[in-house]
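Listed in order, the protein sequences are those of chains A and B. Following our numbering, the numbering of the first sequence begins with 41 at its first residue and continues without gaps. Following our numbering, the numbering of the second sequence begins with 41 at its first residue and continues without gaps. Here the structure is laid out as structure tokens; the discussion comes afterwards.
Number of protein chains: 2
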Amino acid sequence: MLKVAKFGGSSVSGAEQFRKVRDIVLSDPSRRVVVISAAGKRDPRDHKLTDLLYLCHAHLTYGFPGDDILGAIRERFTSIRDELGLAYRVEDDFDALCARLNRDTSVDELVSRGEYFTSRLMAEFLGYSFIDAADCVFFNFDGQFDREKSDSAIAAALEKHGRIVIPGFYGRSPTGKIKVMSRGGSDITGALAAAALDADVYENWTDVSGILMADPKIVADPRPIQKITFAELRELAYMGASVLHEDSILPVKEKGIPLNIRNTNCPEDPGTMIVESAGEEATEVDRPITGITGRRNFTILTIRKRNITTTQLLRDALELTDHYHAPVEHITLGLDSFALVIASSALESSLYDLISDIHKNCQPDEINVQDGIALVAAVGRKMSSRPGTSGRLFQALGQQGLHIRTIAQGADELSIIVGVDNSDFEKTIRVLYDGFTG
Amino acid sequence: MLKVAKFGGSSVSGAEQFRKVRDIVLSDPSRRVVVISAAGKRDPRDHKLTDLLYLCHAHLTYGFPGDDILGAIRERFTSIRDELGLAYRVEDDFDALCARLNRDTSVDELVSRGEYFTSRLMAEFLGYSFIDAADCVFFNFDGQFDREKSDSAIAAALEKHGRIVIPGFYGRSPTGKIKVMSRGGSDITGALAAAALDADVYENWTDVSGILMADPKIVADPRPIQKITFAELRELAYMGASVLHEDSILPVKEKGIPLNIRNTNCPEDPGTMIVESAGEEATEVDRPITGITGRRNFTILTIRKRNITTTQLLRDALELTDHYHAPVEHITLGLDSFALVIASSALESSLYDLISDIHKNCQPDEINVQDGIALVAAVGRKMSSRPGTSGRLFQALGQQGLHIRTIAQGADELSIIVGVDNSDFEKTIRVLYDGFTG
């Protein structure tokens, strides 16, 4: 049994968090590979190390002294070291880095040091071997990962050292330079390691007890999702939920390795298990809806023309929305009309041109524009096998007097998406949440 | 006040029905224009005059004697005349017609005689003037009506005679020949007359007390619809209901003349009022759903391809469905896929070619074909202002364990359409009917 455990910034923000991480890692001997982010905020007014490092680079760029920032970063590392009674002379390495800094220092190299130093401290604290990501995560010239080279380097490191800590977020380019991933890249490093090692599970430790059924800014204390499929997660992410981005977990998805989102602050919580296929086994709490999310600010374009007998008009209109880079979310066909639902932001600079072009190219009888529409999605793999689900969903909305402007069923019967007025957005999410958890 | 009253075949099938028509017409002095169909069946084993006349023409075409058919037609007219004690020597005109018949007799002229003789008998019985449709309904060379010429001829006839009977179903072509309309064409004649005369209402008398909320072959004793808009009627007709075809009532729709479907056998029933706009006034029974209908045998084509960022693939697929004359009823967009709902009959001869072409032109990752799908539509203008309607609808379906395969909202929030398995078609209609009338 092998578990790859990735700890996010909030899990390593200070000495107290380091202790929680050690308790978690050492409580399970299969947690032999640990991926570490840069230290995050200790409290709401604190700063993430990565932010400070970006700021530091801005100072270098503009040639303005940033000594107090460098001092804050240095102090962060030494205080963790001192509080935990570690031996690593982080200040020596950090000072050597600062002495080397100049206007030409790459931003990637500088910001990657957050993960680097945090991981070195964690490796000593755990008694694990530190493996620099520059020595085991490799990019191709096209910016994609060199999976083969990375996989064998990670596997070799684990085989040689037995228990390893790898910093997240960065790797090495073919020219030998440090290159960082997109924000949240530590998730990718963990997924790469789990896939390289054919881990039994990829644990992603953060500060919530899993993916929540709804946005906690809208629903008070939403329940975590116990189990979710990659396909559901993708649908939730697409429809607006702030969850792991699909790209960041593609390596484990491809290999069918389950991903477990856990809470460093409540390690006893089971968290959310993300799996390829959920199977038919009953879960503890059996809800037809896995999660509820949505996005505001869509526009409905309704185009009317009598005696349409082919899809020519629709195709012409879609060619124009493509031309203006306005992705179409839904299409509703009527007898003499069709409606396109498009994110208003995608039409911001082009709405009038688009309408004018549709008038010119398609000669419709009428174009109607309705903006201020929010799309709310109820996502759930079990919906298709629970005939009553759509009934409960629409009944809940109806009882609260919510006016549904559009209805769409998502792909694979995995979601039902309703369009409501922007002003009803939060209420719609709350009503659906209460309707399926109450 | 002027009412144009059209009586269908079942309303004039025999002497007893003629008496009912007279009672209806004479009970309201504003019923000054009467349009008459050919006599229909008197009982289920009887034959419609029009059918007999078509059969008669087939005999002429093949040169096989049809004297017994001619005799049956003749007897039909004379028995009505005799039972009602009328003077018109219909047998003389009929025998003269028969004497003229030969292989070159046009089918249009022959079948139009059903309406002609029935109307002549009715005109005498009512004491109204008979106006031959050949003298007041005119076609252009393109087969369309010469509305201007027809309108003034109808108006002149009414002005001259005060109370008139016009046979339905036929008119005169620019070459002077009799030309019939499509089956059910008497509805058109009535609508033309009502529009020509700016009637206050166009009454369409038949053998049911209005348009029924659902197919009586599926729902036992369905209730009639009290009031329906032309747009709702169109949606019902499109989705499968056997109701007046839109084209046949276009003249009154254009002029905003209300159309009242009435029952000759129960003249006290108010029937169904078809109006341009229903307004906000409460009706006696206030249901959010006006009618329920549907059609069986649709196919869902699901086309999957990763990383679609434009509508190119969808447009290519739609161009192919157009090419194969397969009209698309609904489009569902997914994250890497889209689904097209198409009548299976439209794909009968082209499904494999279509799929092969989609494979060739669009290179999708996967095409999935699911047939045996029925679409059921709940149509109602009030749905959009009744937030609970979709809830009741889906709740009713869910409670009965019906598996919904697709959901689509129709144009103008006028209908909700669900896709179910063919085997669930009738149950779905019954469940919705009971859910909204119970």
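We put the CB at the ideal spot given by N, CA and C, even for glycine.
Closer than 8 Å at the beta carbon, the chain A residues around residue i
i	result
residue 359 of chain B	351, 355
residue 447 of chain B	430, 447, 448, 449, 456
residue 275 of chain B	375
Neighbour list for residue i in chain B, Cβ cutoff strictly below 9 Å
i	result
residue 439 of chain A	427, 428, 431
residue 411 of chain A	Per Cβ cutoff of 9 Å: no residues; residue 411 of chain A is ~17 Å from chain B at best.
Residue from the options with nearest C-alpha to residue i
i	options	result
residue 410 of chain B	B/283, B/343, B/366, B/309	B/343
residue 353 of chain B	B/426, B/401, B/427	B/401
residue 266 of chain A	A/380, A/348, A/250, A/273	A/250
residue 417 of chain A	A/331, A/237, A/190	A/331
residue 474 of chain B	B/432, B/461, B/459, B/443	B/432
residue 190 of chain B	B/158, B/235, B/200	B/235
residue 202 of chain B	B/387, B/69, B/308	B/69
residue 278 of chain B	A/317, A/369, A/374, A/261	A/374
residue 280 of chain A	A/253, A/222, A/426, A/395	A/253
residue 430 of chain B	A/436, A/155, A/76, A/427	A/436
residue 225 of chain A	A/289, A/204, A/391	A/289
residue 57 of chain A	A/460, A/300, A/425, A/121	A/121
Closer than 7 Å at the beta carbon, the chain B residues around residue i
i	result
residue 443 of chain A	427
residue 315 of chain A	Near residue 315 of chain A there are no residues of chain B at all, since even the closest Cβ is about 18 Å away, more than 7 Å.
Chain A residues whose Cβ lies nearer than 7 Å to that of residue i
i	result
residue 278 of chain B	375
residue 370 of chain B	373
residue 474 of chain B	Here the premise fails: no neighbours, minimum Cβ distance about 14 Å.
residue 464 of chain B	Simply none; closest approach about 10 Å.
residue 133 of chain B	Going along chain A, no residue has its Cβ under 7 Å from residue 133 of chain B, so there is no contact; the nearest lies around 42 Å.
Separation of residue j from residue i, as counted between CA atoms
i	j	result
residue 82 of chain A	residue 132 of chain A	24 Å
residue 163 of chain A	residue 169 of chain A	6 Å
residue 365 of chain B	residue 468 of chain A	41 Å
residue 462 of chain B	residue 177 of chain A	54 Å
residue 477 of chain B	residue 422 of chain B	15 Å
residue 59 of chain B	residue 206 of chain B	18 Å
residue 443 of chain B	residue 419 of chain A	17 Å
residue 192 of chain B	residue 307 of chain B	31 Å
residue 291 of chain A	residue 208 of chain A	15 Å
residue 450 of chain B	residue 449 of chain A	13 Å
residue 258 of chain B	residue 470 of chain A	39 Å
residue 262 of chain A	residue 255 of chain A	7 Å
residue 360 of chain A	residue 115 of chain A	56 Å
residue 217 of chain B	residue 149 of chain B	8 Å
residue 338 of chain B	residue 371 of chain B	13 Å
residue 309 of chain A	residue 349 of chain B	39 Å
residue 466 of chain B	residue 455 of chain B	18 Å
residue 284 of chain A	residue 211 of chain A	20 Å
residue 312 of chain B	residue 245 of chain B	11 Å
residue 340 of chain A	residue 446 of chain B	21 Å
residue 453 of chain A	residue 424 of chain A	6 Å
residue 324 of chain A	residue 314 of chain A	Because residue 324 of chain A sits at a pLDDT of 49, beneath the cut-off of 50, its placement in the model cannot be relied upon, and the following sentence gives the value as read from the coordinates. Roughly 16 Å between the two C-alpha positions.
residue 172 of chain A	residue 160 of chain A	9 Å
First and last residue of the uninterrupted alpha helix (DSSP H) at residue i
i	result
residue 370 of chain A	From DSSP, residue 370 of chain A is part of no alpha helix (DSSP H) but of the beta strand (DSSP E) over 368-373.
residue 291 of chain A	286-295
residue 132 of chain A	130-140
residue 127 of chain A	Per DSSP, residue 127 of chain A belongs to no alpha helix (DSSP H) and is neither H nor E.
residue 149 of chain A	147-166
residue 401 of chain B	391-402
residue 439 of chain B	429-439
residue 64 of chain A	55-66
Beta bridge counterpart(s) of residue i as assigned by DSSP
i	result
residue 45 of chain B	B/74, B/243
residue 178 of chain B	B/212
residue 447 of chain B	B/458
residue 408 of chain A	A/342
residue 304 of chain B	Per DSSP, none; premise fails for residue 304 of chain B.
residue 383 of chain A	A/338
residue 418 of chain B	B/332, B/456
Per-residue contacts from residue i into chain B (C-beta, under 8 Å)
i	result
residue 435 of chain A	428, 431, 432, 434, 435
residue 108 of chain A	Chain B residues near residue 108 of chain A: none, gap ~45 Å exceeds 8 Å.
Endpoints, beta strand (DSSP E) assigned at residue i
i	result
residue 338 of chain B	331-344
residue 185 of chain B	Per DSSP, residue 185 of chain B belongs to no beta strand (DSSP E) and is neither H nor E.
Any C-beta of chain D under 7 Å from that of residue i
i	result
residue 290 of chain B	Absent from the structure: chain D. Protein chains present are A and B.
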